[in-house]
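Engineer: Going letter by letter, the sequence shown gives residues 1 to 289 in the numbering used here. The following block contains the structure, expressed as structure tokens.
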Amino acid sequence: MNTNTYTALITPFKNNKLDEKAFEKIIKFQIENGIDGIVPCGTTGESPTLSHDEHNRLVEMAVQIANKKVKVMAGTGSNSTSEAVSMTNHAKKIGVDSCLIVTPYYNKPTPDGIYQHFKELNKCGIPLIIYNIPGRSVINISDQNLARIAELENVIGIKDATGDLARVASLRLLIKKDFLYLSGEDATAVGFNAMGGNGIISVSSNLLPKMVSDLQKSTANGDYKQALNIQDKLTEFHSTMFCETNPIPVKYGASLMGLCQSEIRLPLSLPSSEAQLKIEKMMKKMNLI
């Protein structure tokens, strides 16, 4: 049974600097609870407010601490192609298993520009996962352009955060090679896999890695009754983890578990008092605190 349950790691801070001890604790917690892989420096890791040195350090630490026990997929995307290439080459040198490449945001490239962006990254010679998240990048790559990008030798999969379950079925018809279809949305993970997906990059697994992993194992085994039982226990939890902008709630939840401090970098801010109460109530309901 092959599953692809990845955790989009939070980045812990202390006095506005990386909290390396907490980062190690977070990764070990993931390994101990049966996760398949970790994703440092993604959206949940507050990548937009990390310096290049911090980004590189987090990737280095992730590889060292994982020590081949779990896969490491580093977030190395940028809206600058040259910057994305530089970060991807660094991650390759450090020894990651793959890189997660977000679609170029803000500058709104044409479909051909997006293709050329991935074509340049393909030259880095490391497995690449396309990260399609129109809610943050403004661009939603078309099925046809995704299929074109997938023809590049080192592009091995996609993390799709559109919530469009029909998209998986469409892409399966267009992409003519073995491909990873990873959900970027916790709430629709069961449906995503039922439509042909084969994994997830999860936010909720920062706090509930075993449950999220067990759900993925159930779908991989074709046991959708069990998967739905787990989903029913997770649905309200997922909703709570997105009651404010990710990763504000999940980082606050991690602080309640003693994994890290709740410190978050501006322009993100601590959850409102109302959100804090909601998160605390859910954490107690799930027996996490």
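Using N, Cα and C, we set each Cβ at its ideal position, and we do this for glycine too.
Express the C-alpha separation of Arg148 and Lys225 in angstroms, rounding to a whole number.
Structural biologist: Each residue's alpha carbon lies about 36 Å from the other.
Engineer: Check whether the segment 11-28 and the segment 222-238 are in contact - that is, three or more C-beta pairs closer than 8 Å.
Structural biologist: No contact exists between the segment 11-28 and the segment 222-238.
Engineer: Can you tell me whether Gln144 is buried or exposed, with buried defined as 16 or more other CB within 10 angstroms of its CB?
Structural biologist: Label assigned to Gln144: exposed.
Engineer: Could you say which of Lys93, Glu83, Thr49 and Glu151 lies nearest to Ser269 if we only look at CA atoms?
Structural biologist: Per the Cα distances, Thr49.
Engineer: In terms of alpha-carbon separation, which member of Asn287, Leu256, Thr103 and Tyr6 lies closest to Ala66?
Structural biologist: Per the Cα distances, Tyr6.
Engineer: For His52, which of Pro111, Glu83, Ala150 and Ile248 has the nearest alpha-carbon?
Structural biologist: The shortest C-alpha separation from His52 is found at Glu83.
Engineer: Just tell me which of Lys210, Leu146, Val138 and Ala275 has its CA closest to the CA of Leu128.
Structural biologist: Looking at the Cα atoms, Leu146 is the closest of the given residues.
Engineer: Tyr115 by DSSP, collapsed to three states: which one?
Structural biologist: Correct three-state label for Tyr115: helix.
Engineer: Going by other Cβ atoms of all chains shown within 10 Å of its Cβ, with 16 needed for buried, is Leu121 buried or exposed?
Structural biologist: Under this definition Leu121 is a buried residue.
Engineer: Answer yes if the segment 161-173 comes into contact with the segment 185-193, meaning at least three C-beta pairs across the two stretches below 8 Å, and no otherwise.
Structural biologist: Verdict: yes, contact present.
Engineer: Can you list, in chain order, the residues of its chain with a C-beta nearer than 6 Å to that of Glu263? Leave out the 5 residues immediately preceding and following it.
Structural biologist: The residues are Phe13.
Engineer: Identify the residues that DSSP records as bridge partners of Asp160: which are they?
Structural biologist: According to DSSP, which records beta bridges pairwise, Asp160 is partnered with Asn132 and Ser183.
Engineer: Give the straight-line distance between the Cα atoms of Asn79 and Lys210, rounded to the nearest whole angstrom.
Structural biologist: About 34 Å.
Engineer: Could you name the residues of the same chain whose beta carbon sits closer than 6 Å to that of Ala8, not counting the 5 residues immediately before and after it, in chain order?
Structural biologist: Closer than 6 Å at Cβ, skipping near neighbours: Val39, Gly42, Thr44, Ile201 and Val203.
Engineer: Beta strand (DSSP E) containing Leu100: first to last residue?
Structural biologist: Per DSSP, Leu100 belongs to the beta strand (DSSP E) from Ser98 to Val102.
Engineer: Please report the residue range of the alpha helix (DSSP H) in which Lys123 lies.
Structural biologist: Looking at the DSSP string, Lys123 is not in any alpha helix (DSSP H), and its letter there is neither H nor E.
Engineer: Give the DSSP-derived three-state secondary structure of Lys177 in the structure shown.
Structural biologist: Note: Lys177 maps to coil in three-state DSSP.
Engineer: Counting beta carbon pairs with one atom in the segment 168-175 and one in the segment 190-197, are three or more of them shorter than 8 Å?
Structural biologist: As far as the Cβ criterion goes, the segment 190-197 touches the segment 168-175, which means the pair count is three or higher.
Engineer: Just to check my reading of the structure: His117 and Met87 have Cβ atoms closer than 8 Å, yes? What is that Cβ distance to the nearest angstrom?
Structural biologist: Contact flag wrong, Cβ pair sits at about 13 Å.
Engineer: Starting from Ser255 and walking both ways along the alpha helix (DSSP H), at which residues does that stretch end?
Structural biologist: Where Ser255 is concerned, the enclosing alpha helix (DSSP H) stretches over Ile248 to Leu256.
Engineer: Quick check: Val102 and Gly135, are their CB atoms within less than 7 Å of each other?
Structural biologist: Not a contact, by the Cβ cut-off of 7 Å.
Engineer: So Asp202 is in the beta strand (DSSP E); what residue range does that whole segment cover?
Structural biologist: In the sequence under discussion, the amino acid at residue 202 is Ser, which differs from the Asp named in the question. From DSSP, the beta strand (DSSP E) with Ser202 extends over Ile200 to Ser202.
Engineer: Going by DSSP, what residues sit across from Leu18 in a beta bridge?
Structural biologist: According to DSSP, which records beta bridges pairwise, Leu18 is partnered with Phe13.
Engineer: Express the C-alpha separation of Ile279 and Thr219 in angstroms, rounding to a whole number.
Structural biologist: Distance between the alpha carbons of Thr219 and Ile279: 28 Å.
Engineer: What does the alpha-carbon distance come out to for the pair Ser183 and Asp36?
Structural biologist: If I take the Cα positions, the gap works out to 15 Å.
Engineer: Excluding the 5 residues preceding and the 5 following Gln290 in the sequence, name in chain order all residues of the same chain whose CB lies nearer than 8 Å to its CB.
Structural biologist: Because the chain here runs from 1 to 289, residue 290 falls outside it and cannot be looked at.
Engineer: Pick helix, strand or coil for Ile65, following the three-state DSSP scheme.
Structural biologist: Note: Ile65 maps to helix in three-state DSSP.
Engineer: Can you tell me where the beta strand (DSSP E) with Met73 in it begins and where it stops?
Structural biologist: Element bounds for Met73: Lys71 to Gly75.
Engineer: Report the three-state DSSP secondary structure of Ile38 (helix, strand or coil).
Structural biologist: Three-state result, Ile38: strand.
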